[in-house]
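In this note's numbering, the protein residues as written are 1 to 139.
By construction, the Cβ of each residue, glycine as well, lies at the ideal position given by its N, Cα and C atoms.
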């Protein structure tokens with residue numbers, strides 16, 4: 001059962017190796033809060049995409065810049081906040097990866113995946129902060 005208001009946070013360096021910490025973090029969170037297997041994959045993929053975008057596009061792989069990841073729970077939800085130190089972006093100006101002209105491109109699917117897998121995705125502070133919320137059934 002989820003307890004409301006609990007916050008966990010980690011700070012990541014802006015290097016791709018930091019993505020390895022996300023799986024461990026999600027493993028620990030899912031075990032601690034008893035999130036089911038059905039939520040594990042969605043949370044892992046969406047969160048990895050968000051952190052990858054923050055490291056790669058937001059902080060431009062600058063190891064001196066950090067990505068902050070916070071997790072907060074309510075009775076029925078878990079919300080992750082990912083904040084980078086970049087300049088931001090217009091999330092409404094991201095090409096749709098499902099359009100024929102974008103299908104074969106190797107990048108551009110992160111936001112689409114986040115929106116598909118999370119119950120709510122919000123962009124704040126000119127896109128430097130992303131919130132991913134997942135509705136979790138209370139056991």
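Pick from the options that is closest to residue i, judged by C-alpha positions
{"i": "residue 114", "options": "11, 43 and 34", "result": "43"}
{"i": "residue 93", "options": "108, 20 and 103", "result": "108"}
{"i": "residue 117", "options": "96, 38 and 102", "result": "38"}
{"i": "residue 82", "options": "129, 17 and 15", "result": "129"}
{"i": "residue 79", "options": "58, 106, 98 and 50", "result": "50"}
{"i": "residue 91", "options": "104, 124 and 120", "result": "124"}
{"i": "residue 16", "options": "96, 119, 58 and 98", "result": "58"}
Counterpart residues of residue i in DSSP-defined beta bridges
{"i": "residue 70", "result": "9 and 81"}
{"i": "residue 132", "result": "80 and 121"}
Nearest-angstrom Cβ-Cβ length linking residue i and residue j, presumed shorter than 8 angstroms
{"i": "residue 89", "j": "residue 36", "result": "Not really, about 33 angstroms apart at Cβ, beyond 8 angstroms."}
{"i": "residue 60", "j": "residue 86", "result": "7 angstroms"}
{"i": "residue 133", "j": "residue 84", "result": "Not confirmed; about 19 angstroms, so no contact."}
{"i": "residue 135", "j": "residue 62", "result": "So it is not a contact: roughly 35 angstroms between Cβ atoms."}
C-beta contact flag for residue i and residue j at 8 angstroms
{"i": "residue 73", "j": "residue 122", "result": "no"}
{"i": "residue 53", "j": "residue 110", "result": "yes"}
{"i": "residue 56", "j": "residue 22", "result": "no"}
{"i": "residue 70", "j": "residue 7", "result": "yes"}
{"i": "residue 9", "j": "residue 68", "result": "yes"}
Review point. What are the complete beta strand (DSSP E) segments, minimum 3 residues, inside the region 5-63?
Key: 7-13
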